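Undergrad: If you're matching positions, the sequence shown starts at 1 in the numbering used here and goes up one per residue.
Below are the structure tokens for one structure; questions will follow.
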Amino acid sequence: MQTIAQRFTSASHAAVIVSAESVFGAVGAAIFLGERLSPTGAAGAAVIFGSITLLSLTTGKISKPAVAD
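Here it is as structure tokens:
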């Protein structure tokens, strides 16, 4: 499903979605498989999720790099 959905989005959006996969995988394993998430793992997931959220909120506000002539 992910591969099919990526055809309809830009490369930058696809990169953000793929980077969130590790967070949702860890949370899903904790919920559905009963695995325990260590404090370090939870902090890492929070940092990744916060970075993705910040990136998605600031998209369009960041200036694009200059193109050399």
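The beta-carbon is built from N, C-alpha and C at its ideal position, and this holds for glycine as well.
A quick note: this is a predicted structure, and the numbers were derived from the prediction, not measured.
What are the start and end residues of the alpha helix (DSSP H) that includes Leu-33?
TA: The residue given as residue 33 occupies position 33 in the sequence shown. Leu-33 -> no alpha helix (DSSP H), and no H or E assigned at all.
Undergrad: Using the Cβ count rule (16 or more neighbours within 10 Å means buried), how would you classify Ala-45?
TA: For the purposes of this step, residue 45 is taken as the residue at position 45 of the sequence shown. Buried is the call here.
Undergrad: Check whether the segment 28 to 38 touches the segment 9 to 16, counting contact only when three or more Cβ pairs, one atom from each stretch, lie closer than 8 Å.
TA: no
Undergrad: Give the DSSP-derived three-state secondary structure of Thr-9 in the structure shown.
TA: Position 9 of the sequence shown holds residue 9. Reduced to three states, the DSSP call for Thr-9 is coil.
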